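By the working numbering, the letter at position 36 of the sequence shown is numbered 43, and the numbering carries on one by one without gaps.
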Amino acid sequence: MVETSQIANLLPVVDPNLIKSDFVLKDYLIEHQGSNRLNINVSYTDKINNSPNLSPVLIQQIDQALIQYPNESDSWRILNQNLTQQILKLNPNLSEITINLEVLP
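Okay, structure coming up:
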């Protein structure tokens, strides 16, 4: 019998069937709180064999969500939070997604 320490039981289990990917949308133009430019950094974990390449789908969904975003007075933090939740809801095959909006000068 192999004994494990209590600490080993607290470590996260890494699922070998998950694929991590990321991409960046550079100089994305948006009309939110005036005209702005963003770098949008996206990292996500997808279950294997669910999609050969989910990035183009996510890019289109992010673009549409930002174009149709209803509340121009929302802070960037709230917009980012709502965007992330919407994309996660649209893609149940994702185990996680992180979207970082960098507002450029």
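The C-beta atom is built at its ideal place from N, Cα and C for all residues, glycine as well. Note that this is a predicted model, so its numbers are computed, not measured.
Output the boundary residues of the alpha helix (DSSP H) element that contains residue i.
i: Asn-89; result: 83-97
Does DSSP classify residue i as helix, strand or coil?
i: Ser-62; result: helix
i: Leu-111; result: coil
i: Thr-105; result: strand
i: Gln-71; result: helix
Nearest to residue i by alpha carbon, out of the options?
i: Gln-67; options: Asp-81, Asp-53, Asn-43 and Val-49; result: Val-49
i: Ser-62; options: Asp-34, Asn-107, Ser-28 and Ile-106; result: Ser-28
I need the boundaries of the beta strand (DSSP E) containing residue i, first residue and last residue.
i: Asn-43; result: 42-54
i: Ser-35; result: Sequence check: residue 35 is Tyr here, not Ser. Looking at the DSSP string, the run of the beta strand (DSSP E) that includes Tyr-35 is 25-38.
Using a 10 Å radius around the Cβ and a threshold of 16 neighbouring Cβ atoms, would you call residue i buried or exposed?
i: Thr-11; result: Low confidence applies to Thr-11: its pLDDT is 48, below 50, so where it sits in the model is not reliable, and the reading given next is rough at best. Exposed, because fewer than 16 other Cβ atoms sit within 10 Å of the Cβ of Thr-11.
i: Thr-91; result: buried
i: Leu-111; result: exposed
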